[in-house]
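Residue numbers (this note's numbering): 29 to 326.
Below: one structure, written as structure tokens.
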């Protein structure tokens, strides 16, 4: 995480920080089909800062994953890189799948699959998993689906024909996955990481609501709204730990979805995020949060 006075927090607004983090933030994966370094991006984000100063979002979606894709598209448009987004592959009226993004950096054409994900480590006597907040999403399953289904879609004969008609011939398929892995504060829930996970991924912490008073460290805090989850946050104010704990007690007395909170430090630009926590309902993951979808965790 950046220090409170880092130039990242000098970016003029959340939209600019979201865009920079989506492009240059720590990769969730680092493997041959999802490398940490993307050859179509510049080495440093700082030269882009001036271009982004007056940039405004030209989209509005409640889904963070869709916002993530649109941020990539906005950057490519700003940079003048030829691209095509959300290409549906259709065979005899049936949709076979969709390619998230095609781009041409004048050296090579690429097929990219984009994803923004948040997972919590959860291990018990039945096994070890990285689980999404709604329980229906598992990191191991996402890795397998991306590698075995989404990326090979480019080589499908129907895909090849359709792309040729669109004047595209991508030579390679890669995945770009950003997001955060939340490590359990309770040592009883430790979980091993899949081999594909980058050693430099974004790290947070999680605990159940009833354990928040035991695990949340001292400091100044802020409660994030869902649209603020995408990148490290900068806020204009913070609250104390006891005020946060009272807020959490009220939240979980009436609501059953997780609460994302950040520990902050005051710097020259405001209160900058230093540590991120997900506070989960006490019956998670055995009962759902905002979706009661059954999933076998063993």
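Ideal Cβ placement from N, Cα and C applies to all residues, glycine included.
It should be emphasised that the depicted structure is a prediction, and the values quoted were computed from it without experimental measurement.
Setting aside the 5 residues that flank it on each side, residue 269 is surrounded in the same chain by 244, 246, 247 and 249, each with a C-beta closer than 7 Å to its C-beta; the list follows chain order. Judged by DSSP secondary structure, residue 98 falls within the alpha helix (DSSP H) whose first and last residues are 92-107. The Cβ-Cβ distance between residue 164 and residue 222 does not fall below 8 Å. Around the CB of residue 177, fewer than 16 other CB atoms lie within 10 Å, so the residue is classed as exposed. Here residue 257 is actually not in contact with residue 148; their C-beta atoms are around 13 Å apart, not less than 8 Å. Across the structure, residue 237 and residue 305 are spaced so that their CA atoms are roughly 11 Å apart. Residue 302 and residue 291 have their alpha carbons spaced roughly 6 Å apart.
Residues of the same chain with a CB within less than 8 Å of the CB of residue 266, apart from the 5 flanking positions on each side, are 248, 249, 250, 292, 294 and 299 in chain order. Residue nearest to residue 143 within the set 137, 152, 85 and 128 is 128 (criterion: CA-CA distance). In terms of Cα proximity to residue 207, the closest of 46, 36 and 41 is 46. For residue 137, the enclosing beta strand (DSSP E) covers residues 137-152. Of 313, 91, 135 and 231, the smallest CA-CA separation from residue 253 is found for 91. When DSSP assignments are scanned along the segment 217-287, the uninterrupted stretches of beta strand (DSSP E) that are 3 or more residues long and fall wholly within it turn out to be 230-236 and 248-252. For residue 301, the enclosing beta strand (DSSP E) covers residues 298-308. Apart from sequence neighbours up to five positions away, no residue of its chain approaches residue 183 with a beta-carbon distance below 6 Å.
Here residue 313 is buried, its C-beta having at least 16 other C-beta atoms within 10 Å. Shown here, residue 47 sits in a helix according to DSSP, grouped into three states.
The straight-line gap separating the alpha-carbon atoms of residue 264 and residue 67 is approximately 36 Å. Closest in alpha carbon position to residue 151, among 35, 232 and 212, is 212. Under the three-state reduction of DSSP, residue 72 is assigned to coil, being neither helix nor strand. Excluding sequence positions up to five before and after residue 146, its CB lies within less than 6 Å of the CB of 207 and 208, all in the same chain and listed in chain order.
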